[in-house]
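Protein sequence lines, in the order shown, are assigned to chains A, B and C.
If you're matching positions, the first sequence starts at 1 in my numbering and goes up one per residue.
If you're matching positions, the second sequence starts at 155 in my numbering and goes up one per residue.
If you're matching positions, the third sequence starts at 422 in my numbering and goes up one per residue.
Reading through the structure tokens given below for one structure.
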Amino acid sequence: MERTKLDLWVGMFVVAGIAALVMLAMKVGNLGTYNVSETYQVHAYFSNIGGLKPKASIRSAGVLVGRVTEISLDTERYEANVVMSLDKRYQFPKDTFANILTSGLLGEQYIGLVPGGDAEMLKNGEVVKQTQSAMVLEDLIGKFMYSKAAEATK
Amino acid sequence: MSSNALVEIRDLNFTYDKRPVLQGINMTFPRGRLVAIMGLSGCGKTTLLRHIGGALKPTKGCVRMDGQVMHELDPAGLYAMRRKMGMLFQFGALFTDMSVYDNVAFQMREHTDLPEDIIHDLVMMKLHAVGLRGAQNMMPSELSGGMARRVALARTVALDPMLIMYDEPFAGLDPISLTVIGDLIRRLNDALGATSIIVTHDIQESLKIVDYVYFMAGGVIVAEGTPDELRASDKDFVHQFVHGEMDGPVPFHYPGVDFRQDLNLRA
Amino acid sequence: MAVISTIRAIGSRVVNAVWRIGVASRFFFLTLIYSGNSFRRFHLIIKELFSTGVMSLIIIIVAGLFVGMVLGLQGYETLKRYGSESALGVMVALGLVRELGPVMAALLFASRAGSAMTAEIGLMKATEQISAMEMMAVNPIARIVAPRFWAGVISMPLLAALFSAVGIFGGYLVGVVQIGVDEGSFWSQMQAAVDFREDIMNGVIKSLVFGTVVTVIALFEGFDAPPTAEGVSGATTRTVVTSSLAILMLDFVLTAIMFRGA
């Protein structure tokens, strides 16, 4: 009868729409790669985070291992407190080094983790002590100009 | 008489945009009878019908149906009352997105929990009564004007209403369809034991079938009586109307300035 | 004197517009109140899903594909200047998921399904079908308006998701298959940059809002149309114009709320 044919079409439409949503979530978005795995949190203090934003990626040897979840200013130290969620599958030594890097010349900023040699691993809530701040283009230019000026006065 | 009346209209006045449409209407529709309300186009017939259906609120007076005042009912009471009424609209007003079958089944599905096979039997009975059982799968756009009117009639009586209202049921029909519809209106009324109100200006067809006639003009009742009384009436207006004469109390010319003036003629 | 009459005309137009917004809001409210019946008899919604959703599929898919292909082409030309062709996937995906998917799908929906809804209901009114329904003690808002409203609200996010998905595929076709951007970086950068909650869910919320607004406008215009041929055609035009403007304005507001500072 007519109604079953109509039901079929509507069913196909709904299935296609939901499939498109799932495809967007899994293949296009990050739901498939990151949110499903369990995470643990570590902190790091940076004297300058440059243009780092929440949700920025955290990479080690180029592999995505987590994301920045929170950024705030610690008013005791006047440094930026960055909370990072790392994938439970990846454990890092206590003396891991955290750098704020830029992908490409003008790309977005991310945190690169360089593991040290410590036998103990970072646990949930611990602090990454060794950090390197973002390179701020204006500072770099400033330094360059200053050294040029110093050279010229010699 | 009064206790036997299904619908009573008492001193009904209705003003729209400061223009009086109905003035002091008194009518009585006894149970089981077929009553016609006649008059020229724009004399307030349809407005009157909408008052009986409870779609308009009178400025003064009331419409009493089955002992209850229509405009004092709350929405639930009004809807309960309307379930006892059926109305045939001027051009049928069939639901264009449904088949003939679904149109007739519409109220049964909306208002009852009847299983689909019983609905099927009821729809077949209604369609058979109007002679269109064979057209059950057609869409309204495929029907001729007369057929659409008959389907609408079947839909109107789908839930066996106690009051059936017809708004210009004869408008735009060929002579055969006209006779068929007129005959159906009479037979359905008697078979269902219903009361019918026909609003029409088709005098010849309706005089054949109705029991009583009200004549309206300019928002007031100008004449009333049985068909025989009206045929014999010597009132100017009724005479002009019944015999379809061109000039009379209702002039051919719409009121305007002097003809010579419009032609820019100097007298 | 001309100035005064102009001001008076503008004033009465504004008052009239506010009036209509009030009536439309009440209409929307009534639709929500009388929605129960549509869910108890879900086949009513399914029937409308066919005429709103399924019938809009072709235009949505074709338009989505071409918009995605154009994005791929234009994005590549622009990104090449900065040496970041690998970000093409990000650009196409973010552009579609956040903006173009919901907005374009809603605009197409307004002109395809919205105008049809207005015309259908306007004609139902003109041919006294709505009055007939009222005389049958059936509430036309519950029986005619509510199922169409929910069908619109349900189909809009699905159509927008389809638009985005097909568009990303179009961008992929042009960027990867035709121009030769690296396939791996196309997808992986996209996945790294597009956030499920932040981007995709916000896109879905946008399209839900658009779906609601477009269907309410379309249904209201139909219900409010003068029962004549000019009345219905005027109402159909107004549906497309009003809902297109509403989509674009709301899109700005929603974008400002959702993506500000993120």
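We put the CB at the ideal spot given by N, CA and C, even for glycine.
> What in chain C is Cβ-close to B/Gln244, meaning under 9 angstroms?
Replying inline: Glu549
>> Taking the alpha carbon of C/Pro647 as the reference point, which residue from C/Leu544, C/Leu579, C/Gln495 and C/Asp620 has its own alpha carbon closest?
In response: C/Leu544
> Nearest to C/Phe745 by CA position, among C/Phe530, C/Leu492 and C/Ile562, is which residue?
Replying inline: The structure shown has nothing for residue 745 of chain C, since chain C only spans 422 to 683.
> Applying a beta-carbon distance threshold of less than 8 angstroms, which residues of chain C neighbour A/Val63?
Replying inline: Result: empty, since nearest Cβ-Cβ is about 11 angstroms, beyond 8 angstroms.
> Under the three-state reduction of DSSP, which class applies to B/Val161: helix, strand or coil?
Replying inline: strand
> Per the contact definition of three or more C-beta pairs closer than 8 angstroms, is the stretch 46-56 of chain A in contact with the stretch 526-538 of chain C?
Replying inline: no
> Buried or exposed: where does B/Arg303 fall if 16 or more other Cβ atoms within 10 Å of its Cβ makes it buried?
Replying inline: buried
> Which residues in the same chain as B/Asp416 place their Cβ atom closer than 6 angstroms to its Cβ, once the five residues preceding and following it in sequence are excluded?
Replying inline: none
> If you measure from the beta carbon of C/Val566 to each beta carbon in chain B, is any gap under 7 angstroms?
Replying inline: no
> Since C/Glu604 meets chain B, which of its residues come closer than 7 angstroms, beta carbon to beta carbon?
Replying inline: The contacting residues do not exist; C/Glu604 stays about 48 angstroms from chain B at best.
> What do you reckon, are the CB atoms on B/Met192 and B/Val367 nearer than 7 angstroms?
Replying inline: yes
> What three-state label does DSSP hand B/Arg218 in the structure shown?
Replying inline: strand
>> Just checking: is the beta-carbon of B/Met219 within a distance shorter than 7 angstroms of some beta-carbon in chain C?
In response: no
> At a CB-CB cut-off below 8 angstroms, which residues of chain A make contact with C/Glu555?
Replying inline: Going along chain A, no residue has its Cβ under 8 angstroms from C/Glu555, so there is no contact; the nearest lies around 26 angstroms.
> Which value, in whole angstroms, describes the spacing of the CA atoms of C/Asn437 and C/Ala656?
Replying inline: 15 angstroms
>> Is C/Ala391 close to chain A? Criterion is C-beta to C-beta, closer than 7 angstroms.
In response: This structure cannot settle anything about residue 391 of chain C, because the visible part of chain C is limited to 422 through 683.
> Can you give the Cα-Cα distance for A/Met1 and B/Gln261, rounded to whole angstroms?
Replying inline: The predicted model places A/Met1 with a pLDDT of 42, which falls under 50 and marks its position as unreliable; any figure quoted below should be read in that light. The alpha-carbon atoms of A/Met1 and B/Gln261 are separated by roughly 22 angstroms.
> Going along the chain, which unbroken runs of the alpha helix (DSSP H) with 4 or more residues stay wholly within the stretch 457-498 of chain C?
Replying inline: 457-461 and 463-470
>> According to DSSP, is C/Ile542 part of a helix, a strand, or is it coil?
In response: helix
>> Which of the three DSSP states is assigned to A/Ile49 in this structure?
In response: coil
>> On the criterion of 16 or more Cβ atoms from any shown chain inside 10 Å, does C/Ser446 qualify as buried, or is it exposed?
In response: exposed
> Is there at least one Cβ from chain B nearer than 7 angstroms to C/Ala558's Cβ?
Replying inline: yes
> For C/Asn679, which residues of its own chain have a beta-carbon under 7 angstroms away from its beta-carbon, when the five flanking residues on both sides are left out?
Replying inline: Here residue 679 of chain C turns out to be Met, not Asn, going by the sequence shown. Excluding positions up to five away in sequence, the list reads Asn623.
> DSSP state of A/Arg67, grouped into three classes?
Replying inline: strand
> Among A/Met12, A/Arg89, A/Pro115 and A/Glu126, which residue has its Cα nearest to the Cα of C/Val475?
Replying inline: A/Met12
> What are the residues that DSSP puts in a beta bridge with C/Ala537?
Replying inline: None, per the DSSP bridge assignment.
>> Would C/Glu642 and C/Pro568 be called neighbours here (beta carbons separated by less than 7 angstroms)?
In response: no
> Looking only at its own chain, which residues have a Cβ that is under 6 angstroms from the Cβ of B/Val175, when we skip the five neighbours before and after it?
Replying inline: Phe168, Gly198, Thr201 and Gly373
>> Short of 7 angstroms Cβ to Cβ, which residues in the stretch 45-78 of chain A face chain C?
In response: Lys55, Ser57 and Leu64
>> Counting only beta-carbon separations shorter than 7 angstroms, does A/Leu8 have a partner in chain C?
In response: no
>> Please report the distance separating the alpha-carbon of B/Arg287 from that of C/Glu541.
In response: 28 angstroms
>> Any beta carbon from chain C within less than 7 angstroms of B/Phe249's own beta carbon?
In response: yes
> When DSSP labels each residue in this structure, what does B/Ser156 get in the three-state scheme?
Replying inline: For B/Ser156, the predicted model reports a pLDDT of 46, less than 50, meaning its position is unreliable; a value from the coordinates is still stated below. Residue state, collapsed to three classes: coil.
>> Can you tell me whether C/Ala572 is helix, strand or coil according to DSSP?
In response: helix
>> For a quick check, are the C-beta atoms of C/Ala508 and C/Leu500 less than 7 angstroms apart?
In response: yes
> Under 7 angstroms between C-beta atoms, does B/Glu264 make it to chain C?
Replying inline: yes
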